[in-house]
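*Asks:*
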Amino acid sequence: MSISTSLETDIFATPNAAAGDVRQELIGAERALKIRAAYTTRFVATEFSKHPEDFHLIAGAAITPQPGDVVIARVAEIGKHTRLESPVSRRQLMFVGQEIMVAYGNRYAPDQFLAHVPDSLEPCHLIAGGGLAGYVTQMHTSIDAATAIEPIGLLATNDGVVNLRDFAPLQVGTPSLAALRAEGTVRPPVIAVLGTSMNSGKSTTLGCLVNGLSNAGLNVAAGKATGTGAGNDPNLFIDAGAFPVCDFTDFGYPTTFKLGYEQVRDLLAAMINEQAASGADVVVIEIADGLYQGETSRLLRDPLFAAYVDTVVFSAQDALGARAGLDVLQDAGVPVAAISGLLTASPLATAEAAAQLEVRVIDTYALCRPEVATALLPVRAASL
Numbered sequence: 003m004s005i006s007t008s009l010e011t012d013i014f015a016t017p018n019a020a021a022g023d024v025r026q027e028l029i030g031a032e033r034a035l036k037i038r039a040a041y042t043t044r045f046v047a048t049e050f051s052k053h054p055e056d057f058h059l060i061a062g063a064a065i066t067p068q069p070g071d072v073v074i075a076r077v078a079e080i081g082k083h084t085r086l087e088s089p090v091s092r093r094q095l096m097f098v099g100q101e102i103m104v105a106y107g108n109r110y111a112p113d114q115f116l117a118h119v120p121d122s123l124e125p126c127h128l129i130a131g132g133g134l135a136g137y138v139t140q141m142h143t144s145i146d147a148a149t150a151i152e153p154i155g156l157l158a159t160n161d162g163v164v165n166l167r168d169f170a171p172l173q174v175g176t177p178s179l180a181a182l183r184a185e186g187t188v189r190p191p192v193i194a195v196l197g198t199s200m201n202s203g204k205s206t207t208l209g210c211l212v213n214g215l216s217n218a219g220l221n222v223a224a225g226k227a228t229g230t231g232a233g234n235d236p237n238l239f240i241d242a243g244a245f246p247v248c249d250f251t252d253f254g255y256p257t258t259f260k261l262g263y264e265q266v267r268d269l270l271a272a273m274i275n276e277q278a279a280s281g282a283d284v285v286v287i288e289i290a291d292g293l294y295q296g297e298t299s300r301l302l303r304d305p306l307f308a309a310y311v312d313t314v315v316f317s318a319q320d321a322l323g324a325r326a327g328l329d330v331l332q333d334a335g336v337p338v339a340a341i342s343g344l345l346t347a348s349p350l351a352t353a354e355a356a357a358q359l360e361v362r363v364i365d366t367y368a369l370c371r372p373e374v375a376t377a378l379l380p381v382r383a384a385s386l
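In the numbering used here, the protein residues as written are 3 to 386.
1. Closer than 8 Å by C-beta to residue 84: which residues in its own chain qualify, once you throw out the five before and the five after it? Chain order, please.
2. Please look up how many angstroms separate the CB atoms of residue 197 and residue 317, rounded, as I've assumed it's under 8 Å.
3. When the Cα of residue 343 is compared with those of 312, 326, 250, 367, which residue comes out closest?
4. So for residue 292, helix, strand or coil by DSSP?
5. Which value, in whole angstroms, describes the spacing of the CA atoms of residue 285 and residue 309?
6. I'd like the list of long-range same chain contacts for residue 283, defined as Cβ closer than 6 Å, with 5 residues on each side in sequence excluded.
7. Write down every uninterrupted run of the alpha helix (DSSP H) in the region 252-281 whose length is 4 residues or greater and which is fully enclosed by it, in chain order.
8. Please report whether the beta-carbon of residue 300 lies at a distance below 7 Å from any beta-carbon of chain D.
9. According to the Cβ coordinates, are residue 214 and residue 374 closer than 7 Å?
10. Let me check understanding here. Comparing Cα to Cα, which of 261, 202, 279 lies closest to residue 245?
11. Could you tell me whether the region 38-55 touches the region 229-244, where touching means 3 or more Cβ pairs closer than 8 Å?
12. Is the Cβ-Cβ distance between residue 225 and residue 145 less than 7 Å?
13. Rounded to a whole number of angstroms, what is the C-alpha to C-alpha distance between residue 325 and residue 346?
14. Drop a sphere of 10 angstroms on the beta-carbon of residue 385, count the other beta-carbons inside from all chains shown, and report buried for 16 or more, exposed for fewer.
15. Compute the Euclidean distance between the alpha carbons of residue 128 and residue 360, then round it to the nearest angstrom.
16. Measuring CB to CB, does residue 65 end up less than 7 Å from residue 158?
17. Do three or more CB pairs link the region 199-207 to the region 289-305 at distances below 8 Å?
18. Considering Cα atoms alone, identify which of 109, 122, 132, 125 is closest to residue 140.
19. Taking the continuous alpha helix (DSSP H) assigned at residue 210, which residues delimit it?
20. How is the alpha helix (DSSP H) around residue 76 delimited, first residue to last?
21. In the DSSP assignment, find the alpha helix (DSSP H) that holds residue 125 and state where it starts and stops.
22. Mapping DSSP to helix, strand and coil, what is residue 201?
23. Just curious, the alpha helix (DSSP H) that residue 93 is in, first and last residue?
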């Protein structure tokens, strides 16, 4: 074994005959202060800022990143994402040459990118402003190319590579003390918000529904079970009056695309259990993307979904999408309380939908009214 050192970068290499060279790089307190952390890495970043000496980087041909692994990368070229969402959701303007802390993940976004975790620390892309590194294979024709980044190394401690799950406050399969104490009690009503696709108005619909329920004097817990990590939606839910609020990043997942289905299923159940155990009167959960997205489509027909979700508010972009989406939900046996979303911004589209649907079409912002929101509460409640 040979060890080389560099005073300038604090690098030492440890060759591995079986797997190729694995390089380790010390970070140093001064350098650590300059690294811009992303929202997805916020729990890791908290410890990193306190104790940078406990962390180092590893790189080399033998390194294969996994979803959720934290990487320090250099911004190579600014593209679609010009800003990186900080741990407190501030939009940090990025500059070429800066070092950023993001997490590897896969992304499914029909109006942006299809991307995957690469097999090596090769140059790749910032595929989401919330802090997701991946390699773009497809993109929407209307957007700029993804911001290019150059991974320097995976963040590691003496215990190994740092994954978001290592620092997440909630864990699938390990309920919190509150959730354990709530087992066997009656679960509050659970409403899920789904939509035809990205940008159908799901988050706004959920925010207005939360606000209406809160205005009625109810304690509302909210969560986002699937999607791509970002602070926009959780902050919207908080602003609307929900408490507590969580999303899949609180369980250590930067994104849910390409997670094993059992993981997605268990994540939904764990999230509802944690939110229900908070003492909330009602739980509202967003499920991202559209009904044809793989994990969403399977969830709808899973007995677990029927056991945990009492009713759905469906968000659509237009009347035809509302009709088709309602058909899909009804075919899966999912109860739908109302249709809302982007289509209600248009009186004509709203009238078209109302004429074709057997459930109520409700203007998104009307959901802020207590009497409208509470009318959607399901009667059925299940045990935790």
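All residues carry an ideal CB built from backbone N, CA and C; glycine is no exception.
*Replies:* With the given structure in hand:
1. 95, 96, 149
2. 4 Å
3. 367
4. DSSP places residue 292 in strand when its eight states are reduced to three.
5. 14 Å
6. 190, 220, 221
7. 263-278
8. No chain D appears in the structure shown, which is made up of a single protein chain.
9. yes
10. Nearest option by C-alpha distance: 279.
11. yes
12. no
13. 14 Å
14. Residue confidence for residue 385 is low, a pLDDT of 49 falling below 50, so the modelled location carries little weight and cannot support an answer.
15. C-alpha separation (whole angstroms): 43 Å.
16. Result no, Cβ atoms of residue 65 and residue 158 do not sit closer than 7 Å.
17. Touching, per the Cβ criterion.
18. 109
19. 204-217
20. Here residue 76 belongs to no alpha helix (DSSP H); instead the beta strand (DSSP E) covers 72-79.
21. DSSP places residue 125 in no alpha helix (DSSP H); its state is neither H nor E.
22. coil
23. Segment 93-95 is the beta strand (DSSP E) holding residue 93; no alpha helix (DSSP H) there.
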